[in-house]
Each structure stands twice: as structure tokens, then as C-alpha cells.
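*Asks:*
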Amino acid sequence: MAILEAKNLSYRFRPGSPQVIKSISLTINEGEVVGIFGRSGSGKSVFGYILSGIIPNFYRNGIIEGELKIAGTNAFQVKDASNVLVGMVMQNPETQLFGFRVEDTLAFGMENLGLSREEMGKRIERVSKQLQIEHLLNRFTGELSGGQKQLCCLASILAMEPKVLVLDEPVSALDPGGVLLIQEAVARLKREGRTIIVIGNNAGWVAPLLDRVVVMNQGEIVLDNQAEEFFADKNKVIASGITTTQVNELYHTLVEKGYRLPVFVSYAEAKRYLWEKNIIRKNTTLRTRSVNYNNAIKENPKAPSLISIRELSFMYGQFKALEGINVDLQGGRIIGLIGQNGSGKSTLLKHLNGLLKPTRGTIEVNGKRPDQETIAAMAKIIGFVFQNPDQMLFEETVYDEATFGIRAIYRQVSPEQKETVEKLLAEFGLLEYREELPVNLSAGQKRWLMIASAVAVNPAVLVLDEPTNGMDRFDKEKLAMLIKEWKNAGRTIIIVSHDLPFLADLVDTVLLLDKGRVKACGTIREIFSQREIFAEINIPLPEITMLGLEAGAPAILNVDEFIDSCLTNATEREEMGCAVS
1 MAILEAKNLS
11 YRFRPGSPQV
21 IKSISLTINE
31 GEVVGIFGRS
41 GSGKSVFGYI
51 LSGIIPNFYR
61 NGIIEGELKI
71 AGTNAFQVKD
81 ASNVLVGMVM
91 QNPETQLFGF
101 RVEDTLAFGM
111 ENLGLSREEM
121 GKRIERVSKQ
131 LQIEHLLNRF
141 TGELSGGQKQ
151 LCCLASILAM
161 EPKVLVLDEP
171 VSALDPGGVL
181 LIQEAVARLK
191 REGRTIIVIG
201 NNAGWVAPLL
211 DRVVVMNQGE
221 IVLDNQAEEF
231 FADKNKVIAS
241 GITTTQVNEL
251 YHTLVEKGYR
261 LPVFVSYAEA
271 KRYLWEKNII
281 RKNTTLRTRS
291 VNYNNAIKEN
301 PKAPSLISIR
311 ELSFMYGQFK
321 ALEGINVDLQ
331 GGRIIGLIGQ
341 NGSGKSTLLK
351 HLNGLLKPTR
361 GTIEVNGKRP
371 DQETIAAMAK
381 IIGFVFQNPD
391 QMLFEETVYD
401 EATFGIRAIY
411 RQVSPEQKET
421 VEKLLAEFGL
431 LEYREELPVN
441 LSAGQKRWLM
451 IASAVAVNPA
461 VLVLDEPTNG
471 MDRFDKEKLA
481 MLIKEWKNAG
491 RTIIIVSHDL
501 PFLADLVDTV
511 LLLDKGRVKA
521 CGTIREIFSQ
531 REIFAEINIP
541 LPEITMLGLE
551 AGAPAILNVD
561 EFIDSCLTNA
571 TEREEMGCAV
581 S
């Protein structure tokens with residue numbers, strides 16, 4: 001039975017502006033889990049805002065046309081707040097945090113529904129246990145990490161028990177352990193028969209749970225497939241702009257090599273099929289033919305450190321966020337910073353430019369003490385792109401935003417700097433939007449704008465905090481290429497990311513934080529080889545790395561390495577009767 005019906009739905013932000021949603025017609029049945037995917041700026045989030053009632057109930061300047069029925073009710077005429085048709089978790093958790101404490105945030109929506117204190121208490125207890133945030137209930141929301149904030153927003157929506165749940169990039173700020181929590185929550189809701197719509201560019205975490213895939217492009221629906229059909233077709237997956245699972249990429253590669261396999265999108269499916277069909281060597285210590293495991297970049301003990309940290313500790317009130325950190329990092333490297341949500345990554349970064357001052361210990365960046373310099377002085381040395389782009393948007397136009405850092409430091413924009421900014425905007429696909437309001441950009445476009453603003457200042461160090469959030473696969477490929485170019489030009493890049501596959505082919509050094517301390521430091525291959533550490537801190541390794549370790553191989557970083565290292569050869573396949581055409 002249809003629970004959601006959209007007919008000829010169109011929307012524009014203001015009279016006379018182009019349509020961002022164009023004559024969409026879509027039916028979703030009760031109990032379905034549907035992915036709505038597409039490239040950055042394709043209109044996915046705007047469509048989600050319409051489904052949830054944010055448009056037109058809160059954004060009232062736009063023009064909406066067409067029909068939308070949810071559970072048989074005209075969604076544009078709903079006035080009763082107690083009838084929760086659609087609950088939406090948005091990309092930016094800051095927009096959904098109400099109240100000083102986490103418990104207040106969880107209660108806010110239920111209070112508006114008029115629920116009793118007893119019922120609210122039961123629901124808060126249930127959802128906080130499901131998402132493992134009981135320990136956060138008495139914390140102030142301003143003290144939480146981005147991922148913790150996202151979990152709290154999801155909990156607050158689940159507590160209201162909407163008929164349809166819309167998740168817009170719900171895992172973008174989460175560590176791999178947090179992603180598993182969301183995945184388990186969605187799986188449970190699916191078993192209960194709830195209707196769930198997942199919006200975004202990252203299909204990897206939800207692919208095994210999807211019934212259907214809808215792809216949008218420039219405000220229109222261009223594809224509506226059953227999930228299995230979609231993930232079996234490499235061309236459709238690539239054209240959609242999504243990031244799929246590593247094992248789904250492996251499936252496509254094996255099919256191209258002539259293997260006859262059922263489509264798989266989950267680690268469990270891949271492991272079962274590959275081992276059953278004797279495609280993978282077993283219990284053998286292997287080395288890839290294409291990779292020299294001894295070529296890891298080592299720190300030169302004689303080279304000066306660009307960043308030197310000694311006994312760094314920091315406290316938010318009574319909460320110990322960092323404790324006893326000692327690190328020396330040399331310049332001209334790509335450095336990855338990983339760890340669970342709340343492990344202290346963003347707190348550590350904010351010490352690099354003096355936004356936070358140590359409770360104890362010292363930090364030096366390029367010979368300067370950030371706690372003794374002005375933020376403007378440090379901005380000449382170190383450029384920041386924070387996790388949440390909306391916190392960095394100050395100006396009325398895209399061009400003014402891109403030049404904000406230059407004007408803040410140098411007061412005015414020189415002709416050379418103007419040329420640099422315009423080149424960056426063109427390279428990042430933003431030049432046509434130079435006079436637009438930055439807040440009207442998509443999440444991916446906002447991130448590119450923040451990167452342009454930071455790079456335009458030409459800092460020696462560039463810090464990217466979760467840079468791939470909101471980016472489609474093409475944007476991520478472009479960013480990886482640019483990071484390599486910046487490194488080759490002598491710049492140091494520090495990347496904080498939960499996207500371990502993205503880091504795998506990029507970083508020279510990895511710093512792993514856990515509970516405010518340095519848990520491990522080394523090359524990406526050295527870190528990925530320490531399976532027990534990842535198990536201890538409840539962060540799963542990338543799928544392709546885990547498959548390689550199961551086969552006895554050293555730390556595999558990507559699908560190509562896995563193919564080179566772990567596949568049986570033609571003679572072995574013939575002896576074992578492997579199904580290859």
C-alpha cells in the first residue's frame with residue numbers, strides 16, 4: 001500500500017528563479033527502504049525538505065506546485081502537530097539541536113506532541129540505548145563532537161515515532177562504529193515495517209538494506225530501480241555519483257574479469273561467495289605484485305618538525321578532552337587524523353590556530369606558539385576547513401565568501417589574489433554561482449566554497465575536517481587529486497576523516513586518537529595492520545582490508561591491491577573448478 005505519493009511536484013526558491021525540483025512523481029510503499037541518490041546539487045535535500053514539511057511550512061518564500069500525499073493525507077494541509085507524518089534527520093545537526101543538554105534535545109519534539117513525562121522518559125531510555133548515547137544524556141550539546149550531535153538528532157526524531165523517516169546524509173559525521181549503530185537502527189526499523197527514505201551520496205552503509213534506488217539529476221528523477229538491479233550495473237552506479245561499498249566495487253571488477261557471481265553489496269555476502277567459489281586464496285601470507293610494502297614513508301629524524309606538541313592536555317569544564325599528547329609532524333606530508341567520535345580530533349585541531357588554548361602543555365606550528373599569537377597571524381600559516389560549512393558562512397555572495405579569508409588577513413584583495421579566487425571558483429564549479437547566497441548551495445558546494453576560501457590565502461598548512469562529507473564520488477576523486485597536487489607543491493595537509501578508504505590511498509602518516517590520547521602513529525599500512533587496536537576501539541577496518549586480512553594478506557588498501565594479491569591464478573582456478581567464463 002502506498003504511504004507516500006508525489007505527483008508533478010515542482011519547487012523554486014523564489015518567484016522567477018529556476019526550478020530546483022521539476023515535476024517529480026514518485027510512489028513509495030509502506031515498509032520500503034528507498035535510497036534517493038544523485039550528484040551534489042541534484043535537488044535531493046530540497047526534495048527531502050518538501051517531504052518532511054520543512055518546505056513550505058518554514059521556507060515560505062518559495063513556489064511549490066503539485067501534490068503530495070502521506071498516509072492518505074494532503075501533506076500541504078496538515079495543521080495538527082500531534083500527527084507526525086514524516087520525521088527528518090538533516091545533514092547539519094546544529095539545525096536540530098534544541099535545549100542545553102542532550103536529554104532536552106531528545107524531549108523537545110515529544111513535548112510539542114503533548115506526550116506525558118512518563119512516556120517521554122520511556123522513549124528517551126529506549127532510543128538512547130539503541131544508539132548507545134546514554135552516557136551523553138546529561139552533557140551539554142555544545143560540548144559534543146559532530147558525530148555525537150548527529151546521533152542525538154536521530155534519537156530525537158526516532159523518539160517521535162514518525163510514519164515515514166527521512167535520513168539526509170545521516171552518517172556523514174559519524175565514525176565507522178557510529179555508522180554501524182545507524183545501520184543496525186535502520187535494519188531494526190525495517191524489520192518493524194517502517195518506511196525509510198535515505199538521501200545522500202554515500203550508499204555504502206545502507207546498500208544491503210535498500211529495496212529501491214531512485215536517482216536524481218538537476219531536480220528530476222532519472223532512474224527508479226530495484227536495489228539489486230541497480231548495484232549489479234556498474235555504469236548506473238558510477239553515473240549516479242554515489243559512493244558504493246568496496247565489496248560492490250570488487251564485484252564489478254570481478255564481473256569484468258569474467259567471473260559469474262551473484263551481485264553482492266555487503267562484506268558478509270562477499271566473503272561467503274568468494275570463499276565458496278574458491279576465488280580467494282586461503283591461509284596464505286601474501287604480498288601484492290604491484291605494491292612494495294617496504295616503501296612506506298618514514299619520518300626523517302634529522303628533519304625539523306613543522307608541528308611539535310608536548311604534553312598537550314585540554315578540558316571542557318570537568319570533561320578531559322585531550323591528555324598528554326606528544327607528537328612531532330614534519331612538513332610537506334599528508335597526515336590523517338582518525339578516531340571515534342569524541343576522541344579529541346577536532347579539539348586537537350582547534351589548538352593548531354589558537355581557537356583553543358591548552359589547559360596544560362605546549363604546541364608549536366612552524367616555530368610559533370598559537371596560544372601566544374593572534375588567530376589572524378596563525379591564519380597566514382594554517383588554513384582551516386571545518387566539519388560544518390554552515391559555521392563558516394558569513395557573506396552575502398559566493399565570491400565574497402571565497403575572499404573572506406584574504407580580506408580578514410590583508411584587508412583587501414589584490415589583482416593577483418582576485419585571479420586566484422576566480423580560478424578556484426571555476427575549478428570547483430562555483431563560478432556561475434559567484435553572486436548567489438552561499439546558504440543556497442548544496443552541502444557539497446558549500447564544502448568546495450570553504451576549501452576555496454582556505455586555499456586562496458595560500459597557507460603552509462591546510463586542515464580539512466571531514467572534507468568528503470556531502471561530496472559525491474566525482475567530487476571525492478577531484479579532491480584526492482588536488483590534495484596530491486598541494487602536497488607536491490610543498491604544502492602540508494592534515495585530513496580528519498572517518499572515510500578510511502578515502503585516506504588509504506592518500507596519507508603518508510596516520511595519527512589514531514582514542515579518548516583524548518594518541519593510540520597509534522605510523523603509515524596507513526602499519527595502522528591498518530593492527531587489527532586488534534581497531535577491534536579495541538570499536539572501529540571496523542575498511543571492507544577490502546578485512547577481506548585481505550582474512551586471506552592472510554598484509555594490509556590491503558584498495559580493490560586493485562586485493563585483485564593483485566588475493567585472487568587465485570588461472571591454474572588454481574582450473575584445479576578448483578572456479579566458475580569463470
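Using UniProt numbering, you'd call the opening residue of the sequence shown number 1 and step up by one each time.
Ideal placement from N, C-alpha and C gives every residue a C-beta, glycine not left out.
#1: Is L9 buried or exposed, if buried means 16 or more other CB atoms sit within 10 Å of its CB?
#2: What beta strand (DSSP E) runs, 3 residues minimum, are completely inside the region 496 to 562?
#3: Could you name the residues of the same chain whose beta carbon sits closer than 6 Å to that of R39, not counting the 5 residues immediately before and after it, in chain order?
#4: Tell me which residue opens and which closes the alpha helix (DSSP H) that N112 is part of.
#5: What does F319 pair with, by DSSP beta-bridge criteria?
#6: Name the two residues that bound the continuous beta strand (DSSP E) containing S25.
#7: State the beta-bridge partners of T95 as determined by DSSP.
#8: Give the straight-line distance between the Cα atoms of L393 and I279, rounded to the nearest whole angstrom.
#9: What residue range is occupied by the uninterrupted alpha helix (DSSP H) comprising R488?
#10: Can you check which of these residues, F534, Q445 and M216, is closest to L425 by C-alpha distance?
#11: Does the beta carbon of A408 come closer than 8 Å to any beta carbon on chain D?
#12: Are T253 and K476 touching if we call contact CB-CB under 8 Å?
#13: As an exercise, report each continuous beta strand (DSSP E) stretch of at least 3 residues that is fully enclosed by the region 334 to 396, in chain order.
#14: On the CB-based measure, 16 or more other CB atoms within 10 Å of its CB, does P389 come out buried or exposed?
#15: For A187 and L209, what's the separation of their Cα atoms in angstroms?
#16: From L464 to Q77, what does the alpha carbon distance come to, in whole angstroms?
#17: Once the 5 residues before and after F108 are set aside, which same chain residues still bring their CB inside 7 Å of it?
#18: Assign V455 to one of three DSSP states: helix, strand, or coil.
#19: V455: buried (16+ other C-beta within 10 angstroms of its C-beta) or exposed?
#20: Starting from the C-beta of G200, find all residues in its chain whose C-beta is less than 6 Å away, skip the five residues before and the five after it, and write them out in chain order.
#21: Just curious, the beta strand (DSSP E) that V89 is in, first and last residue?
#22: Using C-beta distances below 8 Å, list every residue in its chain close to K350, excluding the 5 sequence neighbours before and after it, in chain order.
#23: Considering only their Cβ atoms, is the gap separating R101 from A159 smaller than 8 Å?
#24: Would you kindly report the start and end of the unbroken beta strand (DSSP E) that includes I63?
#25: Which residues in the same chain have their Cβ closer than 7 Å to the Cβ of I539, if we skip the five residues on either side of it in sequence?
#26: Does the region 434 to 454 come close enough to the region 392 to 408 to have 3 or more Cβ pairs within less than 8 Å?
#27: What would DSSP say about T245, mapped onto helix, strand or coil?
#28: Name, in chain order, the residues that DSSP records as bridge partners for E220.
#29: Which whole-angstrom value describes the C-beta separation of G332 and K487, a residue pair presumed to lie in contact below a C-beta threshold of 8 Å?
#30: Measuring alpha carbon to alpha carbon, tell me which residue in R14, E94, Q19 and E67 is nearest N61.
#31: Would I309 and I363 be called neighbours here (beta carbons separated by less than 8 Å)?
#32: What is the DSSP secondary structure of V46, reduced to helix, strand or coil?
#33: Counting along the chain, where does the beta strand (DSSP E) carrying E134 start and finish?
#34: Going by C-alpha to C-alpha distance, which of L131, K163, Q417 and Q226 sits closest to C152?
#35: Among N92, V179, I55 and V20, which residue has its Cα nearest to the Cα of H498?
#36: Between F502 and A480, which are expected to be in contact by the criterion C-beta below 8 Å, what is the C-beta distance as a whole number of angstroms?
*Replies:* Put simply:
#1: buried
#2: 509 to 514 and 517 to 522
#3: G241 and D472
#4: V102 to L113
#5: Y316
#6: Q19 to N29
#7: Its beta-bridge partners do not exist; DSSP assigns none.
#8: 51 Å
#9: Residue 488 is actually Asn in this sequence, not Arg. N488 -> alpha helix (DSSP H) spans R473 to N488.
#10: Q445
#11: Looking at the structure shown, chain D is missing, and only one protein chain is on hand.
#12: no
#13: 334 to 339, 360 to 365 and 382 to 385
#14: buried
#15: 7 Å
#16: 43 Å
#17: F98, G99 and S156
#18: helix
#19: buried
#20: E169
#21: V86 to V89
#22: L356
#23: no
#24: I63 to I70
#25: D175, P176, G177 and Q340
#26: yes
#27: coil
#28: N217
#29: 7 Å
#30: R14
#31: yes
#32: helix
#33: Taken as a continuous stretch (DSSP letters only), E134 belongs to no beta strand (DSSP E), as it is neither H nor E.
#34: L131
#35: V179
#36: 7 Å
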